[in-house]
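Chemist: Sharing a structure with you now.
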Amino acid sequence: MSWEDGFAFDLGEEVHMVQETARNFAVNEVLPLAEKIDHEHYYPEELIPKMGQLGFMGACVPGEYDGAELSHVAYCLIVEELAAACASTSIIVSAHNSLCISPILYFGSEEQKKTYLPKLATGEHLGCFGLSEPGSGSDAADMTCTVSKDGDDYIIRGAKNWITNGPKADTCVLFAMLDRSKGHNGICAFVHPLDIEGLTRGKPEDKLGICGSPTCSLTYDGVRLTKAHLLGEESKGFKVAMTTLNGGRLGVAAQAIGIARAALRDALVY
């Protein structure tokens, strides 16, 4: 056991096997691309299907939806190992799992789970999370993206910014304000495909770091969604958002540990 294994907590054979698999993949497949990913703002598309086959893209998704059915501890170790090789690759996986898959898994109808989870869990589709705006982030009650009702349909107008995976994503979990007078109790959550009429992706952001993780804005110009896209109950989207962000912090912490571990490793070598 090396210092990189940390304290000798007994996490169980399965978790250690997952960590070893993730570490081997990170060293052999991710690390050789890391410099290119960072310097050229390169999106490592060739890694996605490989990570899907290993279960990284649907780590905590039940097997009935083609997921790996792993624990959250195992998932965090996957993100940590990827981050120790490449921060960009780790956040692609983390945002996909924590911010797109999780709300569908916890709040989605059975039909939504069957529709979206299998392709997300295998890496065939990539997910993103549409909450942040120029004037609001976690303070979701200030969002300007609105939804109005047209019969049984929902019409979305507005924009979301700094969407991780946005330029490459196939599926989005979106939040919009239905009734501003109710504050955070007026927010709806939706899940929808990104190849939909009225939706425009902005140009990829030129970022200071994590450059291989593609980020852009999403603009909704009268996008029409249906009840089939409503995630959870109408006007209960704030709970979906906050629950999702709580889970997302696991991935953020795991990424930070992986980056710090790699920095210490390289410093010791130097």
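Numbering of the sequence shown is given in this note's numbering, commencing with residue 1 and proceeding in unit increments. Ideal Cβ placement from N, Cα and C applies to all residues, glycine included.
Look at residue 127 and residue 165 and say whether their C-beta atoms are less than 8 Å apart.
Modeler: For the purposes of this step, residue 127 is identified with residue 127 of the sequence shown, where counting begins at 1. For the purposes of this step, residue 165 is identified with residue 165 of the sequence shown, where counting begins at 1. Contact flag set, yes.
Chemist: In this structure, does DSSP put residue 270 in helix, strand or coil?
Modeler: Numbered from 1 along the sequence shown, position 270 holds the residue referred to as residue 270. Residue state, collapsed to three classes: coil.
Chemist: Between which two residues does the alpha helix (DSSP H) carrying residue 24 extend?
Modeler: Your numbering for residue 24 matches position 24 in the sequence shown. 13-25 is the extent of the alpha helix (DSSP H) around residue 24.
Chemist: Given that a residue counts as buried once 16 or more other Cβ atoms are within 10 Å of its Cβ, and exposed if not, what is residue 91?
Modeler: On the sequence shown, residue 91 is found 91 positions in, with the first residue counted as 1. It counts as buried.
Chemist: Curious, which full-length beta strand (DSSP E) runs of at least 3 residues does the stretch 208-247 contain?
Modeler: DSSP runs (the beta strand (DSSP E)) wholly in the stretch 208-247: 215-225.
Chemist: Give the range of the beta strand (DSSP E) segment to which residue 67 is assigned.
Modeler: Residue 67 sits at position 67 when you count from the first residue of the sequence shown. No beta strand (DSSP E) contains residue 67, which DSSP labels as neither H nor E.
Chemist: Taking the alpha-carbon positions, what's the residue 341 to residue 262 distance?
Modeler: This structure cannot settle anything about residue 341, because the visible part of the chain is limited to 1 through 270.
Chemist: Take residue 150 as the anchor and find which of 178, 117 and 94 has the nearest alpha-carbon.
Modeler: Translated into the one-based positions of the sequence shown, residue 150 becomes position 150. Answer by Cα proximity: 178.
Chemist: If you reduce the DSSP assignment to three classes, tell me which class residue 199 lands in.
Modeler: Indexing the sequence shown from 1 puts residue 199 at position 199. DSSP places residue 199 in strand when its eight states are reduced to three.
Chemist: Using the DSSP secondary-structure output, state which residues sit across from residue 38 in a beta bridge.
Modeler: Residue mapping note: residue 38 aligns to position 38 of the sequence shown, counting from 1. Answer is none; residue 38 lacks a bridge partner.
Chemist: Based on the DSSP secondary-structure assignment, which residues constitute the bridge partners of residue 355?
Modeler: Nothing can be reported for residue 355, as the shown portion of the chain is limited to 1 through 270.
Chemist: Would you call the CB atoms of residue 136 and residue 187 closer than 8 Å?
Modeler: Here residue 136 refers to the residue found at position 136 when the sequence shown is read from its first residue. Here residue 187 refers to the residue found at position 187 when the sequence shown is read from its first residue. Not in contact: residue 136 and residue 187 (Cβ atoms no closer than 8 Å).
Chemist: Kindly indicate which three-state DSSP category residue 165 falls into: helix, strand or coil?
Modeler: Taking the sequence shown and counting its residues from 1, one reaches residue 165 at position 165. The answer is coil: DSSP assigns residue 165 none of H, G, I, E or B.
Chemist: Quick one: what does DSSP say residue 251 is sitting in, helix, strand or coil?
Modeler: Position 251 of the sequence shown, counting from 1, holds the residue named residue 251. Note: residue 251 maps to helix in three-state DSSP.
Chemist: With a CB to CB cut of under 7 Å and the five nearest residues on each side skipped, what residues in its chain are close to residue 72?
Modeler: Reading the sequence shown from its first residue, position 72 is the one you call residue 72. 60 and 250.
Chemist: Determine the DSSP secondary structure at residue 109, reduced to helix, strand or coil.
Modeler: Taking the sequence shown and counting its residues from 1, one reaches residue 109 at position 109. DSSP places residue 109 in coil when its eight states are reduced to three.
Chemist: Report the partner residues of residue 149 according to the DSSP bridge assignment.
Modeler: Counted from its first residue, the sequence shown places residue 149 at position 149. Per DSSP, 154.
Chemist: Considering only residues of the same chain and omitting the five flanking positions on each side of residue 167, which have a CB-CB separation below 7 Å?
Modeler: Counting from 1 along the sequence shown, the entry for residue 167 is found at position 167. Closer than 7 Å at Cβ, skipping near neighbours: 201, 204, 214 and 216.
Chemist: Just the Cα atoms here: how many angstroms apart are residue 238 and residue 133?
Modeler: Within the sequence shown, residue 238 is the residue found at index 238, counting from 1. Within the sequence shown, residue 133 is the residue found at index 133, counting from 1. Their Cα atoms are separated by approximately 15 Å.
Chemist: Under 8 Å between the Cβ atoms of residue 22 and residue 70?
Modeler: If you number the sequence shown from 1, residue 22 lands on position 22. If you number the sequence shown from 1, residue 70 lands on position 70. Cβ atoms of residue 22 and residue 70: not closer than 8 Å.
Chemist: What's the C-alpha gap between residue 244 and residue 102?
Modeler: Residue 244 sits at position 244 when you count from the first residue of the sequence shown. Residue 102 sits at position 102 when you count from the first residue of the sequence shown. For residue 244 and residue 102, the distance between alpha carbons rounds to 7 Å.
Chemist: What is the rounded straight-line gap between the Cα of residue 85 and the Cα of residue 37?
Modeler: For this step, residue 85 is matched to residue 85 along the sequence shown. For this step, residue 37 is matched to residue 37 along the sequence shown. Each residue's alpha carbon lies about 11 Å from the other.
Chemist: Checking 8 Å against the spacing of the C-beta atoms, do residue 120 and residue 100 come in under that value?
Modeler: The residue labelled residue 120 in the question sits at position 120 within the sequence shown. The residue labelled residue 100 in the question sits at position 100 within the sequence shown. Yes, the pair counts as a contact, with Cβ atoms nearer than the cut-off.
Chemist: Name the two residues that bound the continuous beta strand (DSSP E) containing residue 279.
Modeler: No information on residue 279 is available, as it lies outside the stretch 1 to 270 that the chain covers here.
Chemist: Who does residue 177 pair with in a DSSP beta bridge?
Modeler: Sequence index remark: in the sequence shown, residue 177 carries index 177 (1-based). Paired residue(s): 146 and 187.
Chemist: Starting from residue 75, trace the alpha helix (DSSP H) both ways and give me its first and last residue.
Modeler: Position 75 of the sequence shown holds residue 75. Per DSSP, residue 75 belongs to the alpha helix (DSSP H) from 72-85.
Chemist: For residue 160, which residues does DSSP report across the bridge?
Modeler: Residue 160 sits at position 160 when you count from the first residue of the sequence shown. Note: residue 160 sits in a beta bridge opposite 218.
Chemist: Compare the beta carbon distance of residue 225 and residue 192 with 8 Å and say whether it is the shorter of the two.
Modeler: As a position in the sequence shown, residue 225 is number 225, starting the count at 1. As a position in the sequence shown, residue 192 is number 192, starting the count at 1. A contact, by the Cβ cut-off of 8 Å.
Chemist: Could you check if residue 28 is buried or exposed, using at least 16 other CB atoms within 10 Å of its CB as the buried criterion?
Modeler: For the purposes of this step, residue 28 is taken as the residue at position 28 of the sequence shown. Exposed.
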